[in-house]
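Okay, so here's the structure we're looking at.
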Amino acid sequence: MGETTPAGQRPLNILIVDDSAMMRAMIKRDTGMCGVPIGEIYEAADGRAAIAVLEKERVDALFTDINMPVMTGTELLRAIERDGRWPHLLRVIISTDGSAARRAEADELHVSLYVEKPFRPEVMRDVLTELSTNS
Amino acid sequence: VTSSPNSRRTPDPVEHHDSVRDALVEVAENSFFAFADPLDAEQFGELAAAVPTWICAQVSFDGAFGGSMTFTVPEQLGQELFASFLGESPDELADDGRLFDLVGEFGNMVCGSWLTRTCQRRRFDLQHPQVDRREGLGEFEPSANLLVSVNGQPVALGLAFTGR
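Just so you know, the protein sequences line up as chains H and P, in that order.
Our numbering puts the first residue of the first sequence at 184, with every later residue one more than the last.
Our numbering puts the first residue of the second sequence at 77, with every later residue one more than the last.
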C-alpha cells in the first residue's frame with residue numbers, strides 16, 4: 184500500500200461487489216489482464232458487506248452490481264452519498280440492466296462509469312485506464 | 077418481436093425468442109468464450125437424450141412487466157464452462173456451489189441483456205437466480221422453449237410473463 188509505479192502512479196485499490204462469486208472472479212481476472220497497476224482487490228457479496236470493507240480499507244475504486252440481496256448496488260451508492268466519508272471513491276456500476284432509466288439513476292449517484300454485462304475483457308482495461316487517469 | 081410484453085393482452089413468449097437468442101449468443105461469446113447455434117426440436121431431442129443430469133436456473137424479473145426466464149443446461153456443459161472460465165483442467169470439477177453460481181449468473185446475464193434489448197427505457201429488478209439439478213426435463217414442451225446448442229450441447233430457455 185502506498186507504493187508507486189515507475190511512472191509515479193499509485194496502484195488502484197479496488198472493491199468488487201457482486202452476489203455472484205463467479206462474476207467477482209471474472210472481474211478480478213479481467214482487471215489482472217488489463218496492464219493498469221492494481222493494488223489490493225477486495226470483494227463483497229452485497230452492499231452491506233461492501234460498506235464494512237470501506238470502513239476498514241483504503242479503496243480507490245468501487246465496482247458494484249445492482250441487483251443483490253441484503254443491500255442492492257443502488258442502496259449502497261445512496262448510503263455512500265449520505266455518509267460522505269468517501270468523496271473521492273470512484274464508482275463503477277457493472278450490471279445486466281443497461282436501461283436508460285438505470286443509467287439516469289446512476290448519474291444522480293455520481294457514478295463515473297457504467298459497464299453493461301456481458302462485457303469483453305478489454306472493456307475492463309478501458310475502464311481501469313480511464314479510472315487511473317482520473318484518480 | 078411483434079408485441080410489447082407490457083401491452084394489454086398476455087404476450088406470447090415465443091415472439092421474444094429471437095431477442096432472447098441474440099442475448100444468449102452475446103453472453104456466451106463475450107463472457108464464457110462459448111459458441112451458440114440454433115437447434116430445432118428434433119436436433120435438441122437427439123442431443124438431450126444423451127444428457128443424464130441438467131442444471132436449471134430460474135431468474136424472476138419485475139419492472140415495466142414481470143415474469144421469469146428458465147435456463148436449462150446439461151451439467152456437463154456447466155462443468156466445461158466452469159473449467160474454461162477459470163482456465164482449469166476439464167478434470168477439475170466444480171462443487172455444486174460454484175457450478176450453480178456459474179449457471180445462475182449465465183442465466184442472469186441472458187435475462188438482463190434481453191430485458192435491456194426489449195425495453196431500453198425502463199428499468200427492471202432481477203431476483204437472485206434459483207438453481208437446482210434435475211435428472212430429466214420432466215414435462216418439457218420443446219415448442220415453448222428457445223432451443224440452442226452451446227459448444228455442441230443442448231440448452232433450453234423458457235420465458236413466462238406474469239399477468240397484471
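For every residue, glycine included, the Cβ atom is placed at its ideal position computed from N, Cα and C.
| Query | Result |
| --- | --- |
| Integer Cβ distance of P/F147 from P/V186, believed to fall under 8 angstroms | 6 angstroms |
| C-beta neighbour in chain P for H/R285, strict 8 angstroms | yes |
| Straight-line Cα distance separating P/W190 from P/L235 | 11 angstroms |
| Sequence-distant residues of its chain with Cβ nearer than 7 angstroms to H/R231 (five each side left out) | V253, M254 |
| Interface residues of the region 188-208 of chain P facing chain H [CB-CB below 8 angstroms] | G188, S189, L191, T192, C195, Q196, R197, R198, R199, F200, D201, L202, Q203, H204 |
| Secondary structure, beta strand (DSSP E): runs of 3+ residues fully inside the region 80-141 of chain P | 112-114, 130-138 |
| Cβ-based burial, P/E156 [other Cβ within 10 Å; buried from 16] | buried |
| At least 3 beta-carbon pairs within less than 8 angstroms: the region 206-213 of chain P vs the region 126-135 of chain P | yes |
| P/Q196 to P/G139 span [Cα, whole Å] | 12 angstroms |
| Coil, strand or helix - H/D280 by DSSP | coil |
| When H/A204, H/N196, H/M209 are compared against H/P301, the one with the closest alpha-carbon | H/M209 |
| P/L178: contacting residues in chain H (beta-carbon distance under 7 angstroms) | M205 |
| Opening and closing residue of the alpha helix (DSSP H) in which H/A224 lies | For the sequence presented, residue 224 of chain H should be read as Ile rather than Ala. Run containing H/I224: none in the alpha helix (DSSP H); it sits in the beta strand (DSSP E), 221-227. |
| Against chain H: residues of the region 105-118 of chain P by CB proximity under 9 angstroms | E105, N106, S107, F108 |
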